[in-house]
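Remarks on the structure that follows.
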């Protein structure tokens, strides 16, 4: 909703989930139902079930594909690369780009690039920013090189379920979400430094890169695979940078009608549903002031048609464990990941 009110372009917003068998299917279906404001645009699965020497069936990848074969959203592995067995072999790369998987999954992201204490990294960085590749970097590079082309997923139009079910296995939909979470930001936006395209003039890093043998790599040039040309580039210096003229009070946003009041400042005429929530928020804040900062509200500012808080509770040895997944995030931009192998 924030994006639709304040962004001039569509920005896909997705969800990345741990591959927990208790709610693998139910959570995925919950996030695909409803209208465009309540459903995800794409879905990512974090899967570490292929460890060491495995096959498509012994790893359980066949079940993974079967579970999502009729899924209506674009889906990919948002994390993969088990490190429970060393050395990491990355055999799943070859399976991921075969017809057995490409008809369902659209590739994946290896976890992870930079080495951290969890020991999943492919590259060590020193304090100066110089890079040292780890042996598993070469293993992964070799596996990628063995992928001799692949057939992408057949384009298809899947109809999303527009009506959500009353219940989903192992997901509690009854917990209300906070009534004050982001209402004003969704309605009015934020003063931000807007991004812009820039011309890249430096095509090679100044940092040093060493291979697994300790030899410095000399070919560090960034290769342009697909040149991009802006149809109407903005040549204004510092275009998109935040300044005093780009504040909430004097910046209009697409998707919201504006009316000018007596002081000459453009004020948004909000969509009725958002305006109602803002007014409820004001009344609640006023009530809090009159009661020493405490208030209770029987009505949620957010619609209850789709709860944004997902809770799955289990009992283990008399101890209750609760997993809370907060799915109502305000997205102000979309991060594109470019993965390149040296």
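Residue numbers (my numbering): 1220 to 1561.
Just so you know, even glycine gets a beta-carbon here, dropped at the ideal spot from N, CA and C.
The structure displayed is predicted, hence computed values, not measured ones.
Assigned exposure category for residue 1258 - 16 Cβ within 10 Å defines buried: Burial call: buried.
Coarse secondary structure for residue 1354, derived from DSSP in three states: It is helical.
Cβ shell of residue 1329 (< 7 Å), same chain only, five flanking positions each side left out: Excluding sequence neighbours, residue 1329 sits near 1299, 1300, 1359.
Contact under 9 Å by Cβ, residue 1351 with residue 1441: Against a cut-off of 9 Å, the Cβ pair of residue 1441 and residue 1351 comes out as no contact.
Coarse secondary structure for residue 1409, derived from DSSP in three states: Residue state, collapsed to three classes: coil.
Residue from 1435, 1422, 1267 whose Cα sits closest to the Cα of residue 1444: When each option's Cα is compared against that of residue 1444, the closest is 1422.
Strand pairing of residue 1264, partner residues [DSSP]: Bridge partners of residue 1264: 1236, 1296.
Distance between residue 1228 and residue 1363 (C-alpha atoms, nearest Å): Each residue's alpha carbon lies about 34 Å from the other.
Buried versus exposed, by CB contacts within 10 Å (16 or more), residue 1307: Residue 1307 should be labelled buried.
Residues bridged to residue 1344 [DSSP beta-bridge criterion]: In DSSP, residue 1344 forms a bridge with 1350.
Residues near residue 1268 by beta carbon distance below 8 Å, same chain, minus five either side: The answer, listed in chain order, is 1238, 1278, 1279, 1280, 1283, 1301.
CB contact flag (residue 1348, residue 1418, <9 Å): With respect to residue 1418, residue 1348 sits apart: the two C-beta atoms are not nearer than 9 Å.
Given residue 1245 as reference, the closest of 1312, 1353, 1286, 1404 once Cα atoms are compared: The option with the nearest alpha carbon to residue 1245 is 1286.
Check whether residue 1296 and residue 1315 have beta carbons under 9 Å apart: With respect to residue 1315, residue 1296 sits close: the two C-beta atoms are nearer than 9 Å.
Where residue 1314 sits in the DSSP three-state scheme: Correct three-state label for residue 1314: helix.
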